[in-house]
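The numbering of the sequence shown is the numbering used here, which starts it at 245 and goes up by one. We treat Cβ as the ideally placed atom computed from N, Cα and C, and that holds for glycine.
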Amino acid sequence: MRRILGRCMVFAWAISATLPAAAQLADQLPPELEEVGIEEHLDAKLPLNLKFRDENGTVVTLGDYFDGERPVILTLNYYKCPMLCGLQLNGRLDGRMDLDWTPGQEFEMVTVSINPLETPALATDKKQNYMKRFGRPSAAKGWHFLTGSEPEIRQLASTVGFGYTYDRETGEYAHAAAIFLITPDGRIARYLYGIEYPQRRLRLALMEASAGEIGTTIDQLILYCYHYDPSSRRYSPVAMNIMRLGGGATVLVLGLTLGGYWLREARRRKKSDRGTPAT
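Rendered as structure tokens:
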């Protein structure tokens with residue numbers, strides 16, 4: 245019973261730590277949760293030379309997943325997490341199932357375990373489970389499940405501002421729920437919080453991370469009209485950009501209309517001049 249209560253307390257804090265009002269609750273935190281939370285380090289460069297093992301047991305570096313062209317979604321979880329990690333990964337999966345982009349094509353995904361005792365075999369099991377649910381075999385080459393040693397994990401977590409702690413009583417990790425959008429050259433572009441990632445928000449974040457290099461023309465226009473609001477942690481309309489876009493569209497329509505009118509008038513006059521007898 246005590247373990248269940250402990251899990252509930254950790255889960256409740258992990259969710260609240262992702263909310264804008266979380267700072268107001270800091271004075272109410274139990275000591276064991278003071279290190280748990282997210283501190284944004286936008287534009288920080290990831291240590292791409294850090295070494296991990298992928299789900300096959302192969303030694304890789306973080307930089308292996310950055311090709312300079314596609315953005316990367318990074319998450320820090322652990323594979324035996326009984327509650328929050330599963331909800332977060334499920335939410336991330338649901339958001340991508342609605343998204344018409346696929347890991348390994350438009351972007352890469354990297355999930356790193358924060359538990360240094362977890363093994364590549366466990367990472368393989370987790371990956372296979374999610375690949376079955378995802379239903380896109382080609383995504384297997386683009387979603388990577390890594391394990392590593394304590395120093396490498398801590399350095400990566402520190403870089404992205406991911407605070408977590410190990411609860412010896414429950415044998416579990418307390419941590420917040422967030423995903424990190426990384427640019428193709430390894431810089432932190434955006435943080436998305438919570439355990440659900442709506443398709444539109446995920447798409448905009450990926451486009452922002454890729455500097456607009458993926459997506460259709462319509463996607464580019466949508467990104468132009470929206471910006472990320474740190475206070476609400478959502479993409480919100482930018483009134484000035486919408487007005488500019490609307491004004492530009494109005495000028496374009498007006499120009500086409502007047503152009504068509506002038507062209508018809510010119511043709512009519514030319515035809516009229518041909519039909520007028522010479523004097």
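Query raised in the report: In whole angstroms, what is the alpha-carbon distance linking D314 and G379?
Result: A small correction: the amino acid at residue 314 is Arg; Asp does not occupy that position in the sequence shown. Taking the straight line joining both Cα atoms gives about 22 Å.
Report task. Could you work out which residue in E278, D429, L400, A288 is closest to V356 when comparing CA atoms only? Result -> Answer by Cα proximity: L400.
Query raised in the report: Whole beta strand (DSSP E) runs in the stretch 403-452 with 3 or more residues, listed along the chain?
Result: 406-411, 416-419, 422-426, 432-437, all fully within the stretch 403-452.
Query raised in the report: In angstroms, rounded to a whole number, what distance separates the CA positions of R444 and Y323?
Result: Distance from the CA atom of R444 to the CA atom of Y323, rounded to whole angstroms, is 27 Å.
Report task. Take the Cβ of S454 as the centre, count every other Cβ of all protein chains shown within 10 Å, and call the residue buried at 16 or more, exposed below. Result -> Flag for S454 reads buried.
Report task. Report buried or exposed for Y417, applying the criterion of at least 16 other Cβ atoms within 10 angstroms of its Cβ. Result -> By the neighbour-count criterion, in which 16 or more other beta carbons inside 10 Å mark a residue as buried, Y417 falls on the buried side.
**Report entry** Helix, strand or coil at R314 [DSSP, three-state]
**Finding:** The DSSP-derived three-state label of R314 is coil.
Query - Inter-residue spacing [alpha-carbon to alpha-carbon] between I426 and R412 - result: Cα-Cα distance, rounded: 32 Å.
Report task. Using DSSP bridges, identify the partner residues of G281. Result -> According to DSSP, which records beta bridges pairwise, G281 is partnered with G407.
Query raised in the report: Which two residues bound the contiguous alpha helix (DSSP H) that contains F378?
Result: Residues 364-378.
Requested in this report: Please go through the same chain and pick out, in chain order, the residues whose beta-carbon is closer than 8 Å to the beta-carbon of R434, but skip the five residues on each side of it.
Outcome: The answer, listed in chain order, is L286, F424, L425, A449, E452, A453, Y472.
Query raised in the report: CB-CB under 7 Å to G348, same chain, minus the five flanking residues each way: which ones, in chain order?
Result: S382, A383, K385, G386, listed in sequence order.
Requested in this report: Mark T391 as exposed unless 16 or more other C-beta atoms lie within 10 angstroms of its C-beta, in which case mark it buried.
Outcome: T391 comes out buried.
Report task. Please report how far the alpha carbon of A421 lies from the alpha carbon of Y408, in whole angstroms. Result -> Approximately 11 Å between the Cα atoms of the pair.
Query - Nonlocal neighbours in the same chain, by C-beta distance under 8 Å from M375, ignoring five residues either side - result: Same-chain partners within the cutoff: P381, A383, A384, W387.
Query raised in the report: Among all the DSSP beta bridges, which residues are the ones paired with S382?
Result: Paired residues: none, contrary to the question.
Report task. Return the CA-CA distance between K371 and T414, expressed in angstroms with no decimal places. Result -> Going by the C-alpha atoms only, they are around 25 Å apart.
Query - Own chain partners of T305 with C-beta closer than 8 Å, once the 5 adjacent residues on each side are dropped - result: Within the same chain, T305 has close Cβ partners L292, N293, L294, K295, F296.
Report task. Provide the residue(s) that pair with N300 in DSSP beta bridges, ordered along the chain. Result -> As computed with DSSP, N300 is found in no beta bridge at all.
Query - Residue closest to A288, alpha-carbon to alpha-carbon, out of R447, F406, E440 - result: Answer by Cα proximity: F406.
Query - E394 (DSSP reduced to helix, strand or coil) - result: The answer is helix: DSSP assigns E394 an H, G or I state.
Query raised in the report: Using DSSP with H/G/I as helix, E/B as strand and the rest coil, what is L320?
Result: L320: strand per DSSP, three-state reduction.
Query raised in the report: What separation, rounded to the nearest whole angstrom, lies between the Cα atoms of P325 and N359?
Result: Per the sequence presented here, residue 325 reads as Cys, with Pro not at that position. Distance between the alpha carbons of C325 and N359 is about 10 Å.
Query raised in the report: Around the C-beta of N373, are 16 or more other C-beta atoms found within 10 angstroms, so that it is buried, or is it exposed?
Result: Flag for N373 reads exposed.
Report task. Can you say whether P428 is buried or exposed, counting buried as having 16 or more other CB atoms within 10 angstroms of its CB? Result -> Around the beta carbon of P428, 16 or more other beta carbons sit within 10 angstroms, so the residue counts as buried.
Requested in this report: Hey, could you find the ends of the beta strand (DSSP E) S357 is sitting in?
Outcome: Counting along the chain, the beta strand (DSSP E) containing S357 begins and ends at 352-357.
**Report entry** Cutoff 6 Å; reference E279; Cβ partners in own chain excluding five residues on either side
**Finding:** Within the same chain, E279 has close Cβ partners G407, T409.
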